[in-house]
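The sequence shown maps to residues 0 to 617 in numbering that gives the first Met the number 0. For reference, the structure discussed in these notes is given below.
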Amino acid sequence: MSSKQKTPDFYEYYPKLFHNYFAEIDSEKIEVLCNAGHDYYLSVLDLDSVIDNKELNKIFRVLNLQESSIKKLSSIYPIQHIFWQYWNKRKIEYFEAISLEKKLWNNPNEENYNDVADMKSAFGKVAIDCLFALLKNKDDEIYNLLLESHKYFSIGFQLYDDIIDFTEDFNKKQFNWAVYELSRVINFSKYNNDSNTLNKLFYINGISITVFEKSIYYLEKAEKIVEKLSIDSLWLNTINEFKKTILQTKESVNGYVKVLEEKSRIKKKSIIEDHFFNFEKVNIDIFFKGLQFIKIDFLQNHSDLKHFMYLGGIEGFENETDIHASDTFQRALLNDCLLDIAQFFNLNLQVFIEKENQYIVERQNKDDIGAWSYFPTVQEIAADIDDLGQIIQQFIKTENTELIDKYCVKAIHIAINERAQPSGGIETWILPSANLTERQKKQDLFNSIKWGKGPDVEVVANFVYALILLDSKKYNFTIENAISYIISEQKAQGYWESRWYYGKFYGTYVCLRLLCRFPDKYQLIKQRVAEFLINTQNEDGSFDEDQYKNLSTSFAIFCINLLEFTELEKIKNKAQRFLIENQLKDGSWKAENFIKPKAHEPYKSRTLTTAYALKALL
């Protein structure tokens, strides 16, 4: 059982949660009680650190905070006031809880756990005590119901806290109900008592759902008790909001498990036809091993390349399935790299690329716009110009422009004529400006509340680059306006910030790639990029932060190749050495955060990272 709390906001005003049940108490006293309570709460947190972690330096802070709290309480309650009897009772409760908690492993039953959770929240109950003690005509029924509700809330809160603190508590050998539940079904020694592995098993085996549901059960008990009083209060709102948090977390965990299951299922599904290209003539080990890794993933249905996501009903999604897997955009990115590698080694990709183009065409949206959605099975996601731009590039690069005429023209028209802004930017989502269908209205709503509306500079750059390749004269007006917008978005340090991609270098690369289609223009802008590259290379030759070093280093090398500045050659050589040194034994590079579909759920792929690294080493 964790002694570490999360410091929710309501601890700053805990007595206010119950004010409506004791409405005759004036607000000034409530404010004093809130301040006193928060001081004491902070002292308890520090005291826990002293007890659990031997952080003796916090003793003086504990004493100061408690002294401050007592002074504030004494301004309301004289020394002989009945309140101090409640106060002493809660102190005894709290210290008993600390003692009992250490014995839980000896007798880990639910009753003992609940008692400890209740008693550890003793000073939370003081918020109820202090209000009750001020009443002249005391109503024991309300008081007792609130204490009972508080008990169940504390149990639910502690169960949730144990889920969150699984690894920390396990390592500290503190009792934790989540750890205990897992220990009943799994032999920890089989996994070398590795806390991270055990934490994953806690979720994968479905035990987390059981603990989540137990937490929700107690919160609902807490809620039902105060509902009997028929009084709206911050306390009731707090229970409801916390229950929502747990339900959402439970949903995310459920989604995580389902995604793992779907990924495993797809990986095991046999490939009907192996049309991956022959690369036997590649005589450089780095490239041969890298291509081998990419082919293995191809033969496993691109289970690594695919982006899996759980989008459930709790978030408002209404689809035939909650689990979505897509690789249309990713395959277009991958193929762009493979085509460059094939050209370098003179490999024949004809059959492979025909199949890839066919694959992409088959995944076009079945509506009057066409084009492609990032997740085609999610009706709440509209087609976008990033997918469209990348696919146009593939069709051009593979000399299949007839596919553009057949499948892309209408979407291009809507994007540049109905979604262009005065700034020159073009909105990411391809939707008509008027007369939207019901499905399009829903997509537009989700753009507003979930995905965000554009323009997004890196997306504009990728799309407009495709337009330049396609027909620079025909789309000259759009191209010039878009370039003005892109230039205006360059940061003073020389890079472009991405909305949909991690790190500073993908956005910089696609923006620079566009500008470099004009060799004699935008020299100052290009020079800023060069200075950015010079100023930001890490000592080990890499670029950017650890979670996307390989990717960012690859994009930095692409930028250097585009600029063709002699002063950047040393930087490039150092960057390439970094990539070579970080290739793994199986030929891959580690999966790194790349695309930002939702907060805290990054898309990453060893396959895609590997493809970019290989391209950067050409």
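Even for Gly, the Cβ is constructed at its ideal location relative to N, Cα and C.
Exercise. Under the DSSP definition of a beta bridge, which residues are partnered with L193?
Worked result: Per the sequence shown, the amino acid found at residue 193 is Asp instead of Leu. In the DSSP assignment, D193 is bridged to no other residue.
Check: What residue range is occupied by the uninterrupted alpha helix (DSSP H) comprising N239?
Finding: That run of the alpha helix (DSSP H) goes 233–267.
Point to revise | Counted within 10 angstroms of its Cβ, other Cβ atoms place V350 as buried (16 or more) or exposed | key: Exposed, by the Cβ-count rule.
Candidates W450, V258, Y20: which alpha carbon is nearest A126's? Nearest neighbour of A126 by Cα position, chosen from W450, V258, Y20, turns out to be Y20.
Among the residues of its own chain, which have a CB less than 8 Å from the CB of N345, if the five just before and after it don't count? Sequence-distant Cβ neighbours of N345 in its own chain, meaning closer than 8 Å and more than five residues away, are K280.
Exercise. Excluding sequence positions up to five away, which residues of its chain have a Cβ less than 7 Å from the Cβ of N461?
Worked result: Short of 7 Å from the beta carbon of N461, and not among the five residues preceding or following it, lie these beta carbons of its own chain, in chain order: D385, G388, Q389, V509.
| task | Using three-state DSSP, classify D404 as helix, strand or coil. | result | Judged by DSSP in its simplified three-state form, D404 adopts helix.
Using a beta-carbon distance below 8 Å, is A35 in contact with chain C? Absent from the structure is chain C; it holds one protein chain and no more.
request  = Kindly examine the ligand SAM and report whether one of its heavy atoms sits closer than 7 Å to the Cβ of I524.
outcome  = The ligand content of the structure shown is nil, which means the ligand SAM is not present either.
Discussion item. For Q4 and I448, what's the separation of their Cα atoms in angstroms?
Written reply: Because Q4 sits at a pLDDT of 44, beneath the cut-off of 50, its placement in the model cannot be relied upon, and the following sentence gives the value as read from the coordinates. Going by C-alpha positions, Q4 is about 31 Å away from I448.
What does the alpha-carbon distance come out to for the pair T606 and G586? CA-to-CA, the gap between T606 and G586 works out to about 10 Å.
- prompt: According to DSSP, what are the bridge partners of W428?
  reply: Its beta-bridge partners are D383.
Touching by the beta-carbon criterion (3+ pairs, under 8 Å), the segment 158–178 and the segment 124–141:
The segment 158–178 is not in contact with the segment 124–141.
* Asked: Does DSSP put H623 in a helix, a strand or coil?
  -> Past the edges of the chain, shown from 0 to 617, lies residue 623, and the structure says nothing about it.
Quiz item: Which class does I322 belong to by DSSP, given the choice of helix, strand or coil?
Solution: The answer is strand: DSSP assigns I322 an E or B state.
Quick check on the DSSP output: the beta strand (DSSP E) that includes F307 runs from which residue to which?
Where F307 is concerned, the enclosing beta strand (DSSP E) stretches over 306–309.
How many Å lie between F297 and H306 at the Cα?
-> Note on geometry: alpha-carbon atoms of F297 and H306 lie some 14 Å from one another.
Check: Quick one: Cα of T400 to Cα of G369, how far?
Finding: Their Cα atoms are separated by approximately 16 Å.
- Considering only C-alpha positions, which residue in the set K199, K213, V377 is nearest to F445? Nearest C-alpha to F445: V377.
Sort out for me which residues DSSP pairs Y670 with in a bridge. Here the chain comprises residues numbered 0 to 617, so residue 670 is not present and cannot be evaluated.
Q | N-terminal and C-terminal residue of the beta strand (DSSP E) that I594 is part of | A | Start and end: 592–594.
Review point. Rounded to whole angstroms, how far is the Cβ of N356 from the Cβ of L304, which I believe are closer than 8 Å?
Key: Rounded, the Cβ-Cβ distance is 17 Å, inconsistent with contact.
Report task. Return the chain-ordered ranges of every beta strand (DSSP E) run that is complete within the segment 108–161 and spans a minimum of 3 residues. Result -> Qualifying beta strand (DSSP E) stretches: none in this window.
Q) What's the C-alpha gap between H80 and V184? A) Rounded to whole angstroms, H80 to V184 spans 52 Å at the Cα level.
Out of curiosity, what's the CA-to-CA distance linking W428 and R418?
-> In a straight line, the C-alpha of W428 is about 8 Å away from that of R418.
task = Count the CB pairs spanning the segment 69–84 and the segment 22–34 that are closer than 8 Å, and state whether there are at least three.
result = Between the segment 69–84 and the segment 22–34 there are three or more inter-stretch CB-CB distances shorter than 8 Å, so the stretches are counted as touching.
Exercise for the section: Take A96 as the anchor and find which of Y190, D117, I322 has the nearest alpha-carbon. Expected result: Ranking the options by Cα distance to A96, first place goes to D117.
If I measure Cβ to Cβ from I293 and keep anything under 7 Å in the same chain, skipping five residues before and after, which residues do I get?
If you ignore the 5 residues before and after I293, its C-beta comes within less than 7 Å of the C-beta of T606, T609, A610, all in its own chain and listed in chain order.
Count the other CB atoms, across all protein chains shown, that sit within 10 Å of the CB of A414; report buried if there are 16 or more and exposed otherwise. Burial check for A414: the Cβ neighbour count within 10 Å reaches 16 or more, so the residue is buried.
Is it buried or exposed, V408, if we count other Cβ atoms within 10 angstroms and call 16 or more buried?
Label assigned to V408: exposed.
> When burial is assigned at 16 or more other CB atoms within 10 Å of the CB, is K584 buried or exposed?
Replying inline: Burial call: exposed.
Can you find at least 3 beta carbon pairs, one from the segment 207–225 and one from the segment 149–157, that sit closer than 8 Å? Put simply, the segment 207–225 touches the segment 149–157. At least three CB pairs are less than 8 Å apart.
*What residues match up with A419 in a beta bridge as DSSP calls it?*
BP columns for A419 point to I425.
From I352 to D193, what distance separates their C-alpha atoms? Going from the Cα of I352 to the Cα of D193 covers about 45 Å.
Worksheet item: So, is E426 buried or exposed, given that buried needs 16 or more other C-beta atoms within 10 angstroms?
Response: Classification for E426: buried.
_Could you give the first and the last residue of the continuous alpha helix (DSSP H) run that contains R362?_
Element bounds for R362: n/a, residue is neither H nor E.
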